[in-house]
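Asker: First the structure, then my questions, so here it is.
Protein chains: 2
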Amino acid sequence: MADPLRLGVAGLGTVGAGLVRIVQRNARLVEARGGRRVIISAVCARSRGKDRNLDLDGHGWEDDPVALARRDDVDVFVELMGGGEGPAKASVEAAIAAGKHVVTANKALLAEHGHALALAAEEARVALRFEAAVAGGIPIVKALSESLAGNEITRVLGVMNGTCNYILTRMWDAGLPYETVFEEASDLGYLEADPTLDVGGIDAAHKLALLVSIAFGERVKFDGIEIEGIERVSIDDIKQAADMGYRIKLLGVARRSGNGVEARMSPCLVPEGSPLGQLPGATNMVVVEGDSVNQIVLRGPGAGEGPTASAVMGDIVDIARNLVAPVFGQPAETLAEPIRIRGATPTPFYLRMTIADRPGALAKVAHALGEAGVSINRMRQYRHSEPHAPVLIMTHDCVPADLDRAIESLAVTGVVEGDPVAFRVEEV
Amino acid sequence: MADPLRLGVAGLGTVGAGLVRIVQRNARLVEARGGRRVIISAVCARSRGKDRNLDLDGHGWEDDPVALARRDDVDVFVELMGGGEGPAKASVEAAIAAGKHVVTANKALLAEHGHALALAAEEARVALRFEAAVAGGIPIVKALSESLAGNEITRVLGVMNGTCNYILTRMWDAGLPYETVFEEASDLGYLEADPTLDVGGIDAAHKLALLVSIAFGERVKFDGIEIEGIERVSIDDIKQAADMGYRIKLLGVARRSGNGVEARMSPCLVPEGSPLGQLPGATNMVVVEGDSVNQIVLRGPGAGEGPTASAVMGDIVDIARNLVAPVFGQPAETLAEPIRIRGATPTPFYLRMTIADRPGALAKVAHALGEAGVSINRMRQYRHSEPHAPVLIMTHDCVPADLDRAIESLAVTGVVEGDPVAFRVEEV
């Protein structure tokens with residue numbers, strides 16, 4: 422039997438505590454599968470005194486994650502602190518420099534610095550693994566970088582933030598306005614310390630950036646991903662979309678487009694009968710389309726102690742077995758310079774606006790859209806609060822540039838109150 | 422750049438032809454990801470002359486798969502001939518003996534001889550991979566044996582035969598009887614040469630046997646899996662189940678039970694709103710539940726040239742990268758002796774029978790069930806062809822042994838015509 426694999430665990434929050442529990446609870450199972458014992462040499466967290474209902478006896482303690490990363494009795498540095506800069510970045514860099522393998526759940530760190538870290542890790546011939554950073558317990562990183570390695574990937578899309586999916590699903594189920602459900606989610610502790618990371622789509626976009634790199638063989642690049650949060654999704658939008666057979670989801674979509682890649686994270690209408698349309702609560706789902714496999718769908722818990730720690734443990738067992746694939750699916754120095762194409766793919770758009778309730782107003786709206794080359798598939802004006810009339814429009818396929826022009830010309834009609842809401846329709 | 426990885430491809434049917442096309446079409450992609458070129462040294466098939474619309478120039482030819490397996494210019498023997506014995510078994514054994522890696526899509530071979538082959542492969546330190554053998558393009562073997570390695574698996578269930586799911590879905594969608602849809606499927610070429618492999622549940626049970634071994638750390642054992650096909654599922658059953666909020670699927674279910682494992686492949690009622698209940702057409706789906714991950718769901722094409730070849734190619738790229746995990750998730754010599762427990766888990770059952778349409782008949786049925794300790798949740802008698810009255814019963818949780826006793830005692834009531842139909846209800 423080989424020597425044990427020795428972990429240094431930095432961060433004892435939800436995921437870190439979950440990992441410690443798995444290592445303790447499933448030690449025999451993990452040893453049988455990994456071919457060697459997996460033990461925790463030492464841990465590190467902000468406050469040593471804090472009661473975590475964890476048995477840390479026999480594990481060393483470090484106050485400084487960098488010191489933990491450099492310990493001689495650590496083979497794998499497990500970074501579960503989070504944060505795109507600061508201690509997480511410093512300690513991961515230190516671990517790689519010291520020739521330690523790294524497993525992390527840190528999407529922000531990798532979205533911002535993933536390429537440099539991958540180059541360093543491959544140079545040092547150590548693993549840098551991050552299954553837990555994308556969609557929690559769903560093995561999407563492994564599926565994309567290993568199982569589907571024979572495919573030219575044509576599209577990756579999915580729901581990658583459970584909090585946003587909880588909010589949107591709950592709004593629909595209970596008919597409640599965004600603000601009310603946001604408060605509920607906050608009370609339930611579903612939101613990040615900075616909620617805009619969730620509802621602003623940034624957390625989900627970090628994850629999409631990692632999948633784009635693997636799927637399309639590019640260096641990780643967070644800039645250039647179009648990001649729109651769910652703050653502007655109203656209960657009216659959800660009801661009107663449902664009325665037309667759609668659900669609204671915060672959807673990440675990436676596809677090859679010309680000589681580049683189109684990547685966006687935004688509220689989209691998806692068919693209610695599709696797996697994405699039916700995705701409930703805080704669940705995540707990633708759909709991958711490739712030239713050979715056609716389409717596979719992976720669904721599971723996107724967060725939480727057990728599922729995220731499960732993904733971390735999967736990476737650790739791979740390292741125990743010496744299964745170390747390139748960080749982003751091919752050697753980092755061979756990854757292409759990213760070229761971001763803004764929405765070149767025409768899709769239908771859902772448009773919602775409030776117009777003055779007076780003769781000719783609707784005609785002006787229709788005319789403005791036509792002038793911009795946006796043709797109307799369905800249009801509906803429905804009763805609402807006087808003197809304003811809400812108008813719903815489903816366009817035929819158009820590119821965002823045309824839609825932007827159309828929205829500009831709507832502004833000058835003088836009949837549209839405020840800014841129209843526009844969401845893409847993504848067929849799955 | 423390392424030496425190219427040289428394949429010997431045995432079998433040029435749907436999957437074999439698909440693999441040759443991927444190797445040719447995505448050569449640059451595969452080289453970038455695998456770190457080396459993947460080339461086909463030679464192929465082998467029944468008839469050399471047959472027009473396959475394939476460019477085989479530059480590939481050697483062998484009439485004998487065993488000779489192909491032993492060629493000096495073959496590093497990986499790819500067995501895509503099928504069949505549990507004969508040339509497939511002989512050539513895979515020859516390849517391992519000659520120190521070649523093996524990739525196969527052959528569920529029958531592995532279900533019957535998987536343990537012996539795994540022992541031989543691990544002894545010879547070569548890979549034996551079979552992602553394509555279970556659920557086509559769905560990466561379930563890798564998910565179970567690698568991604569979820571930190572979990573104690575509590576239940577594995579799924580739809581693993583696309584043809585049966587097509588038949589059952591089509592019966593429901595079109596309201597057609599089994600026989601008619603069976604003919605359709607046959608005309609569409611969906612059925613195996615021996616259709617009982619599909620509709621009898623054997624093909625799907627082969628796949629389940631492989632998943633059981635990985636999930637529960639046992640030697641592969643096909644015997645002892647309870648198997649019931651879909652031949653007895655009538656359009657009436659499908660309609661009545663739907664009326665109660667269920668769909669009928671040919672479902673493989675495996676769970677730990679006492680000191681053994683319960684494994685069955687049989688028609689089950691699943692909630693219509695669940696991912697399994699909504700699974701359309703020939704699609705496959707596998708649901709895995711573990712102590713940390715809770716539940717993940719994988720959905721995708723269960724067969725077809727592209728998807729199955731995609732899975733084969735994923736295994737090949739792993740070998741190109743020297744990622745070789747134990748065949749069944751842990752070293753074969755450490756796998757436990759299988760202990761099969763017959764249905765110890767109580768579940769509700771759907772019971773359908775035809776009784777004589779005369780006073781007291783229903784009472785006799787209810788009494789017989791009660792005597793056997795099977796309590797009735799819902800019971801319904803509905804109009805049908807005189808003089809017989811169809812009766813539907815949904816029981817409360819009970820174990821199959823009690824249900825069997827109940828069915829025996831029904832026979833002696835003298836009011837039940839023929840054999841009652843009984844299907845499990847599986848909650849997901």
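Chains W and Z supply the protein sequences, listed in that same order. The opening residue of the first sequence carries number 422 in our numbering; numbering runs sequentially from there. The opening residue of the second sequence carries number 422 in our numbering; numbering runs sequentially from there. Ideal Cβ positions, reconstructed from N, Cα and C, are used throughout, including at glycine. Every value quoted in this text rests on a predicted model; they were computed, and no experiment measured them.
Please compile the residues from chain Z whose C-beta is within a distance smaller than 8 Å of the C-beta of Q716 of chain W.
Answerer: For this step, residue 716 of chain W is matched to residue 295 along the first sequence. Per Cβ cutoff of 8 Å: G721 and P722.
Asker: Using CA coordinates, which residue listed in Z:T617, Z:A556 and Z:R591 is at the minimum distance from K528 of chain Z?
Answerer: The count along the second sequence starts at 1 and reaches residue 528 of chain Z at position 107. The shortest Cα separation from K528 of chain Z among Z:T617, Z:A556 and Z:R591 belongs to Z:A556.
Asker: For the stretch 557 to 577 of chain Z, which residues have a CB atom closer than 7 Å to at least one CB atom of chain W, in sequence order?
Answerer: G558, I559, P560, K563, A564, E567, S568, L569, A570, G571, N572 and E573
Asker: Less than 6 Å between C-beta atoms, sequence neighbours within five positions excluded: which residues of the same chain meet that for A810 of chain Z?
Answerer: For the purposes of this step, residue 810 of chain Z is taken as residue 389 along the second sequence, with counting starting at 1. These residues qualify, in order along the chain: I776, D778 and Q802.
Asker: Measure the alpha-carbon distance for V524 of chain W versus G679 of chain W and round it to whole angstroms.
Answerer: Counted from its first residue, the first sequence places residue 524 of chain W at position 103. Counted from its first residue, the first sequence places residue 679 of chain W at position 258. Each residue's Cα considered, the two are about 35 Å apart.
Asker: What does the Cβ neighbour count give for S796 of chain Z, buried or exposed, with the cut at 16 atoms within 10 Å?
Answerer: Stepping through the second sequence from its first residue, residue 796 of chain Z is reached at position 375. Result: exposed.
Asker: Step through the CB atoms of chain W and report whether any lies within less than 8 Å of the CB of D739 of chain Z.
Answerer: Along the second sequence, read from residue 1 onward, the residue named residue 739 of chain Z stands at position 318. Taking Cβ atoms only, chain W reaches closer than 8 Å to D739 of chain Z, which makes this a yes.
Asker: Distance cutoff 8 Å, beta carbons only. Does E506 of chain Z sit that close to anything in chain W?
Answerer: The residue labelled residue 506 of chain Z in the question sits at position 85 within the second sequence. With a threshold of 8 Å between beta carbons, E506 of chain Z makes no contact with chain W.
Asker: Can you tell which of Z:L831, Z:R742, Z:L813 and Z:P841 has its C-alpha closest to the C-alpha of R458 of chain Z?
Answerer: Counting from one through the second sequence, the residue named residue 458 of chain Z turns up at place 37. The residue with the shortest Cα to Cα distance from R458 of chain Z is Z:R742.
Asker: Based on the DSSP output, what are the partners of P692 of chain W in its beta bridges?
Answerer: Your numbering for residue 692 of chain W matches position 271 in the first sequence. According to DSSP, P692 of chain W bridges with W:Y667.
Asker: So is L530 of chain W buried or exposed if we call it buried at 16+ other beta carbons inside 10 Å?
Answerer: Numbered from its first residue, the first sequence carries residue 530 of chain W at position 109. It is buried - the Cβ of L530 of chain W has at least 16 other Cβ atoms within 10 Å.
Asker: Between L584 of chain Z and chain W, is any beta-carbon pair separated by less than 8 Å?
Answerer: The residue you call residue 584 of chain Z lines up with position 163 of the second sequence. Looking at the sequence provided, one finds Thr at residue 584 of chain Z rather than Leu. Not one chain W Cβ lies under 8 Å of T584 of chain Z.
Asker: With a CB to CB cut of under 6 Å and the five nearest residues on each side skipped, what residues in its chain are close to E647 of chain Z?
Answerer: Taking the second sequence and counting its residues from 1, one reaches residue 647 of chain Z at position 226. Closer than 6 Å at Cβ, skipping near neighbours: R685.
Asker: So, under 8 Å CB-CB, S687 of chain W and G622 of chain W are touching, yes? Tell me the CB distance rounded to an integer number of Å.
Answerer: One-based indexing of the first sequence puts residue 687 of chain W at position 266. One-based indexing of the first sequence puts residue 622 of chain W at position 201. 7 Å between Cβ atoms; contact.
Asker: Expressed to the nearest angstrom, what Euclidean distance is found between the alpha-carbon atoms of R467 of chain Z and H817 of chain Z?
Answerer: Reading the second sequence from its first residue, position 46 is the one you call residue 467 of chain Z. Reading the second sequence from its first residue, position 396 is the one you call residue 817 of chain Z. Between R467 of chain Z and H817 of chain Z, the alpha-carbon positions lie close to 54 Å from each other.
Asker: Any beta-carbon of chain W closer than 8 Å to the one on I460 of chain Z?
Answerer: Taking the first residue of the second sequence as position 1, residue 460 of chain Z is located at position 39. For I460 of chain Z, the answer is no, since every Cβ of chain W falls outside 8 Å of its Cβ.
Asker: Does the CB of M734 of chain Z have a neighbour CB from chain W at under 8 Å?
Answerer: To locate residue 734 of chain Z, count along the second sequence from 1; it is residue 313. True, the Cβ-Cβ gap to chain W drops below 8 Å.
Asker: Note down, in chain order, every chain W residue with its Cβ under 9 Å from the Cβ of E552 of chain Z.
Answerer: To locate residue 552 of chain Z, count along the second sequence from 1; it is residue 131. Neighbours of E552 of chain Z on chain W, chain order: S568.
Asker: Using the beta-carbon count (16 or more within 10 Å), is A570 of chain W buried or exposed?
Answerer: Numbered from its first residue, the first sequence carries residue 570 of chain W at position 149. Buried, by the Cβ-count rule.
Asker: Given that R454 of chain W touches chain Z, what residues does it touch there, using C-beta distances under 7 Å?
Answerer: Start at 1 with the first residue of the first sequence, and residue 454 of chain W comes out as number 33. By Cβ distance, chain Z contributes A570, G750 and Q751.
Asker: Mind checking which residues open and close the beta strand (DSSP E) that includes L719 of chain Z?
Answerer: Locating residue 719 of chain Z in the second sequence gives position 298, counting from the first residue. It spans N715 to P722 - the beta strand (DSSP E) in which L719 of chain Z sits, taken as one unbroken run.
Asker: Would DSSP call H374 of chain Z helix, strand or coil?
Answerer: As displayed, chain Z neither begins before 422 nor continues past 849, which places residue 374 of chain Z out of reach and without an answer.
Asker: With a CB to CB cut of under 7 Å and the five nearest residues on each side skipped, what residues in its chain are close to R826 of chain W?
Answerer: Along the first sequence, one-based indexing puts residue 826 of chain W at 405. Only A793 meet the Cβ criterion.
Asker: Buried or exposed for K412 of chain W, going by 16 or more other Cβ atoms inside 10 Å?
Answerer: Outside the displayed span of chain W (422 to 849) sits residue 412 of chain W, for which this structure offers no information.
Asker: Please classify T755 of chain W as buried or exposed, where buried requires at least 16 neighbouring CB atoms within 10 angstroms.
Answerer: Residue numbering aside, residue 755 of chain W sits at position 334 when the first sequence is read from its first letter. T755 of chain W should be labelled exposed.
Asker: Leaving out the 5 sequence neighbours to the left and right, which residues in its chain are closer than 6 Å to T834 of chain W when beta-carbon positions are compared?
Answerer: Position 413 of the first sequence, counted from the start, is the residue given in the question as residue 834 of chain W. Closer than 6 Å at the Cβ level, and outside the excluded window around T834 of chain W, lie K785 and A789.
Asker: Suppose you measure from the CA of S655 of chain W to the CA of A438 of chain W; what does that come to, to the nearest Å?
Answerer: In the first sequence, counting from the first residue as 1, residue 655 of chain W sits at position 234. In the first sequence, counting from the first residue as 1, residue 438 of chain W sits at position 17. Going from the Cα of S655 of chain W to the Cα of A438 of chain W covers about 37 Å.
Asker: Give the range of the beta strand (DSSP E) segment to which R442 of chain W is assigned.
Answerer: For the purposes of this step, residue 442 of chain W is taken as residue 21 along the first sequence, with counting starting at 1. Element bounds for R442 of chain W: not the beta strand (DSSP E) but the alpha helix (DSSP H), T435 to R446.
Asker: So P425 of chain Z contacts chain W; which residues on that side make the cut at Cβ distance below 8 Å?
Answerer: On the second sequence, position 4 is the one that residue 425 of chain Z refers to. The premise fails here: P425 of chain Z is roughly 16 Å from chain W at the closest Cβ pair, so nothing lies under 8 Å.
Asker: Is the CB of R473 of chain Z under 8 Å away from at least one CB in chain C?
Answerer: Note that chain C does not occur in the displayed structure, where the protein chains are W and Z.
Asker: Within 10 Å of its beta-carbon, does Q751 of chain Z have 16 or more other beta-carbons around it, so buried, or fewer, so exposed?
Answerer: Reading the second sequence from its first residue, position 330 is the one you call residue 751 of chain Z. Classification for Q751 of chain Z: buried.
Asker: Is the CB of I760 of chain Z under 8 Å away from at least one CB in chain W?
Answerer: Locating residue 760 of chain Z in the second sequence gives position 339, where the first residue counts as 1. So no, I760 of chain Z is outside the interface.
Asker: Along chain Z, which residues have their Cβ under 9 Å away from the Cβ of G638 of chain W?
Answerer: Against the first sequence, residue 638 of chain W aligns to sequence position 217. L450, A453 and R454, listed in chain order.
Asker: When the Cα of L772 of chain Z is compared with those of Z:E758, Z:N798 and Z:R763, which residue comes out closest?
Answerer: Here residue 772 of chain Z corresponds to residue number 351 of the second sequence, with the count starting at 1. Cα-wise, what sits closest to L772 of chain Z is Z:N798.
Asker: E683 of chain W and A765 of chain W look like a contact to me (Cβ under 8 Å); what is the Cβ gap, rounded to whole Å?
Answerer: Locating residue 683 of chain W in the first sequence gives position 262, where the first residue counts as 1. Locating residue 765 of chain W in the first sequence gives position 344, where the first residue counts as 1. Sure, about 6 Å apart at Cβ, within 8 Å.
Asker: Any Cβ of chain W within less than 8 Å of the Cβ of L477 of chain Z?
Answerer: Taking the second sequence and counting its residues from 1, one reaches residue 477 of chain Z at position 56. Cβ-Cβ to chain W under 8 Å: no for L477 of chain Z.
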